[in-house]
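> Numbering (the working numbering) for the sequence shown: 1075 to 1172. By construction, the Cβ of each residue, glycine as well, lies at the ideal position given by its N, Cα and C atoms.
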Amino acid sequence: MRLENINIQGLTSEEVKVSRQKFGSNTLNYKKENGVLGALKKLAKEPMILLLLAASLIYFVSGKPGDGIFLASAIIIVSIISLYQDSRSRNALQKLKP
1075 MRLENINIQG LTSEEVKVSR QKFGSNTLNY KKENGVLGAL KKLAKEPMIL
1125 LLLAASLIYF VSGKPGDGIF LASAIIIVSI ISLYQDSRSR NALQKLKP
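#1: Thinking just about the alpha-carbon of each residue, which of N1103, A1129, V1090 is nearest to the one in K1171?
#2: I'd like the list of long-range same chain contacts for D1160, defined as Cβ closer than 7 Å, with 5 residues on each side in sequence excluded.
#3: Short check: CB of L1117 to CB of S1153, under 8 Å?
#4: Flag this pair as yes or no: are the beta carbons of I1149 and L1126 separated by less than 8 Å?
#5: Return the first residue and the last residue of the alpha helix (DSSP H) that K1169 is part of.
#6: Would you call the CB atoms of A1129 and L1145 closer than 8 Å?
#7: Should G1142 and F1134 be called a contact, given that it needs their Cβ atoms to be closer than 8 Å?
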């Protein structure tokens, strides 16, 4: 399809005004993010993290501190990786904002 054969017309000024009144302006509103603190809160509410922490606590209570320490350290390592990835995602999204 050749470009010369396409007849594209934009909105008139009046149509733009009516459209903006009806639908609002064509802009994105960004809310302020809390950064690391918000990511920590989000991570603390993860059901899998809570379940693994409960399992680690059960190991300590049942007299198997080695297993409890191993599981708790695994949770910490996974949490650090998750926070790092979240930080990278936030930075990438920040660069995309106008």
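Let me spell this out:
#1: N1103
#2: A1113
#3: The Cβ atoms of L1117 and S1153 lie closer than 8 Å to each other.
#4: Pairing I1149 with L1126 gives a Cβ-Cβ distance under 8 Å.
#5: Under the DSSP assignment, K1169 falls in the alpha helix (DSSP H) whose first and last residues are 1139 to 1170.
#6: yes
#7: yes
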